[in-house]
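*Asks:*
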Amino acid sequence: MATSRVSALLERAQAGDLRAFEELVQPHVGRLYSYIARMVCDPVEAEDLTQEVVLRAHRAINSFRGGATFQTWLYRIATNITVDAIRRRKRHASRLCSLDDPLPGTDGSMAREVPDTQLTPAEQVERGELCGEVLGAIGELSPKLRAVVVLFDLEGCTYEEIAEVLRLPLGTVKSRLFNARARLRDRLKPYVEGYA
Amino acid sequence: MDVCRQYKGLLGAQVDGTATAEERVRLEGHLEQCARCAQAARELARTRQLVTGLPAAKPSPRLMPAISARLRAQRVSPVERLWWRWTSPTWLQPAAVALILVLCIAVTGTAIYHAGPLQQALNRGSQVAQMYGPLAPGGLQAPGDDFVSFAVASHETFERDRAFGDPGGAQNCGYVP
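Protein chains in written order, with my numbering: chain A, 840 to 1035; chain B, 132 to 308.
What follows is the structure in structure tokens.
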């Protein structure tokens, strides 16, 4: 979306125009959901939290000053809400999102989207197990390490964007990312060791 | 090992794909000589590959309609809108700092104002204590032994005299033997 268009929508949204706010936020909902889903490892909770993030953003739209990009601002709200939710749960065992689990739906369940259709069934099973392991490993990271790795590796954010979202110095972002990777490597040893 | 530590940042940048050409050359030079770091580089790169290879998490088609419905149900009052505007950090933080400074100055000033007469009385009590010497074994031997209570009493007398318009009374309340 062009910057001038975003500015116009933002101005209208800050004046209380709900349609303008929806138009402004709609392009970001998919990425917000993706980020939150990887953070909480629970598709149902991720949808609830995504709704909460958008509602919070709507209430606080007048506090957005344009210093950060709108997406960065949304990610910041999402991080706060998600980390709070993770801490609230206080679960000792991480929850895995199995790719075999159907997505919830009021009119019956929907199959989860797995993009690679070139694999044989055996490969798909193996891949599903591997994804489960990787998601489990991410879920075992502390929220602060998890946020950095999800934003960088899965959401494609730059160091600078992550620093702005998490309000951290650039060096801290880099070192957290390195530490997160080192922990994931240790956790995923059987899939990583001896890889050339 | 210390040498390897110097390359940790470069290793991270290499895995993240943010290393410059010059940094890559430097790191490659080290990796050729250090099998341990070369192994770590391969494993970290593979770890990243596993993470980035995860399938995208996509929301159900019901998410956006659900958000729209909740947005319509949520009414943001003009007062709340103003609250968010006012509590945005552009002017709130300097204002909070200024308020804290004013409070500190006020509290310190009040403490100094009230401490003056009491300090004078304490000093006087201390002088008396010096005249009579330290506390002797067996209890109070002289007025100066308990010079703090004496000083407080002196201060009260001072205040009372001042209240009766007798500033000179302060000279007489010193319990001078």
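Every residue, glycine too, gets a C-beta built ideally from N, C-alpha and C.
From the beta carbon of residue 153(B), is the nearest beta carbon of chain A less than 9 Å away?
*Replies:* By one-based count along the second sequence, residue 153(B) stands at place 22. No, its Cβ sits nowhere closer than 9 Å to a Cβ of chain A.
*Asks:* Check the Cβ of residue 981(A) against every Cβ in chain B and list those closer than 7 Å, keeping chain order.
*Replies:* Locating residue 981(A) in the first sequence gives position 142, where the first residue counts as 1. Near residue 981(A) there are no residues of chain B at all, since even the closest Cβ is about 16 Å away, more than 7 Å.
*Asks:* Which residues in chain C have a C-beta closer than 8 Å to the C-beta of residue 159(B)? List them in chain order.
*Replies:* As a matter of chain content, chain C is missing from the structure shown, whose protein chains are A and B.
*Asks:* Determine whether the beta carbon atoms of residue 873(A) and residue 187(B) lie at a separation below 9 Å.
*Replies:* Taking the first residue of the first sequence as position 1, residue 873(A) is located at position 34. Taking the first residue of the second sequence as position 1, residue 187(B) is located at position 56. Closer than 9 Å, so yes.
*Asks:* Do we get a CB-CB distance below 9 Å when we pair residue 107(B) with the residues of chain A?
*Replies:* Not covered by the structure: residue 107(B). The range shown for chain B is 132 to 308.
*Asks:* DSSP three-state call for residue 903(A): helix, strand or coil?
*Replies:* Position 64 of the first sequence, counting from 1, holds the residue named residue 903(A). Reduced to three states, the DSSP call for residue 903(A) is coil.
*Asks:* With a CB to CB cut of under 8 Å and the five nearest residues on each side skipped, what residues in its chain are close to residue 987(A)?
*Replies:* As a position in the first sequence, residue 987(A) is number 148, starting the count at 1. So the list reads 1001, 1005, 1012, 1015, 1016, 1019, once near-sequence residues are dropped.
*Asks:* Using a Cβ distance threshold of 8 Å, determine whether the region 903-914 of chain A contacts the region 867-887 of chain A, with at least three qualifying pairs required.
*Replies:* yes
*Asks:* Does residue 860(A) come within less than 9 Å of chain B when only Cβ atoms are used?
*Replies:* Translated into the one-based positions of the first sequence, residue 860(A) becomes position 21. Yes, residue 860(A) lies at the interface with chain B (some Cβ there is under 9 Å from its Cβ).
*Asks:* Kindly indicate which residue of 891(A), 1009(A), 978(A) has the alpha-carbon position closest to the one of residue 182(B).
*Replies:* By 1-based counting over the second sequence, the position of residue 182(B) is 51. Looking at the Cα atoms, 978(A) is the closest of the given residues.
*Asks:* Give the secondary structure of residue 147(B) by DSSP, where H, G and I count as helix, E and B as strand, and everything else as coil.
*Replies:* Counting from one through the second sequence, the residue named residue 147(B) turns up at place 16. Note: residue 147(B) maps to helix in three-state DSSP.
*Asks:* Please confirm whether residue 146(B) and residue 179(B) have their CB atoms less than 9 Å apart.
*Replies:* Locating residue 146(B) in the second sequence gives position 15, counting from the first residue. Locating residue 179(B) in the second sequence gives position 48, counting from the first residue. Taking 9 Å as the Cβ cut-off, residue 146(B) and residue 179(B) qualify as a contacting pair.
*Asks:* Give me the Cβ distance between residue 142(B) and residue 175(B), rounded to the nearest whole Å; I'm assuming they're in contact under 8 Å.
*Replies:* What you label residue 142(B) is simply residue 11 of the second sequence in a count that begins at 1. What you label residue 175(B) is simply residue 44 of the second sequence in a count that begins at 1. Residue 142(B) to residue 175(B), Cβ: 7 Å. Contact.
*Asks:* Beta carbons nearer than 8 Å to chain B: which residues of the region 866-895 of chain A have them?
*Replies:* Cβ contacts with chain B come from 868, 869, 872, 873, 876, 877, 882, 885, 886, 889, 890, 893, 894.
*Asks:* Give a yes or no on contact between the region 893-904 of chain A and the region 841-860 of chain A, applying the rule of three or more CB pairs nearer than 8 Å.
*Replies:* The region 841-860 of chain A and the region 893-904 of chain A touch, with three or more beta-carbon pairs separated by less than 8 Å.
*Asks:* Residue 146(B) touches chain A at which residues, Cβ-Cβ below 7 Å?
*Replies:* Counting from 1 along the second sequence, the entry for residue 146(B) is found at position 15. By Cβ distance, chain A contributes 1020.
*Asks:* What three-state label does DSSP hand residue 874(A) in the structure shown?
*Replies:* The residue you call residue 874(A) lines up with position 35 of the first sequence. Residue 874(A): helix per DSSP, three-state reduction.
*Asks:* Which residue wins for smallest C-alpha separation from residue 1022(A), given the options 1009(A), 1007(A), 999(A), 983(A)?
*Replies:* In the first sequence, counting from the first residue as 1, residue 1022(A) sits at position 183. Selected option, being the one with the closest Cα: 983(A).
*Asks:* Is it the case that the Cβ atoms of residue 154(B) and residue 144(B) are separated by a distance below 9 Å?
*Replies:* To locate residue 154(B), count along the second sequence from 1; it is residue 23. To locate residue 144(B), count along the second sequence from 1; it is residue 13. It is a contact, given that the beta carbons lie within the stated cut-off.
*Asks:* Return no unless some Cβ of chain B is closer than 9 Å to the Cβ of residue 851(A).
*Replies:* On the first sequence, position 12 is the one that residue 851(A) refers to. So no, residue 851(A) is outside the interface.
*Asks:* What does residue 1030(A) touch in chain B if you count any residue whose Cβ is under 9 Å from its own?
*Replies:* In the first sequence, counting from the first residue as 1, residue 1030(A) sits at position 191. Under the 9 Å cutoff, chain B gives 177, 178, 181.
*Asks:* DSSP three-state call for residue 914(A): helix, strand or coil?
*Replies:* By 1-based counting over the first sequence, the position of residue 914(A) is 75. The answer is helix: DSSP assigns residue 914(A) an H, G or I state.
*Asks:* Would a check of beta-carbon distances place residue 909(A) closer than 9 Å to chain B?
*Replies:* As a working note, residue 909(A) is residue 70 in the first sequence. No, no contact with chain B.
*Asks:* Among 190(B), 159(B), 136(B), 244(B), which has the Cα closest to the Cα of residue 831(A)?
*Replies:* Residue 831(A) lies beyond the range of chain A shown here (840 to 1035); nothing can be said about it.
*Asks:* Between residue 926(A) and the rest of its own chain, which residues show a CB-CB distance below 8 Å, the 5 nearest in sequence each way excluded?
*Replies:* Numbered from its first residue, the first sequence carries residue 926(A) at position 87. Excluding sequence neighbours, residue 926(A) sits near 982.
*Asks:* If you draw a straight line from the alpha carbon of residue 880(A) to that of residue 974(A), how long is it in whole angstroms?
*Replies:* Translated into the one-based positions of the first sequence, residue 880(A) becomes position 41. Translated into the one-based positions of the first sequence, residue 974(A) becomes position 135. Cα to Cα, the separation comes out at about 7 Å.
*Asks:* What did DSSP end up calling residue 180(B) once you bin it into helix, strand or coil?
*Replies:* Within the second sequence, the letter at position 49 stands for residue 180(B). Here residue 180(B) sits in helix by DSSP.
*Asks:* Report the rounded CA-to-CA distance for residue 1007(A) versus residue 985(A), giving the unit in angstroms.
*Replies:* Numbered from its first residue, the first sequence carries residue 1007(A) at position 168. Numbered from its first residue, the first sequence carries residue 985(A) at position 146. Taking the straight line from one Cα to the other gives about 14 Å.
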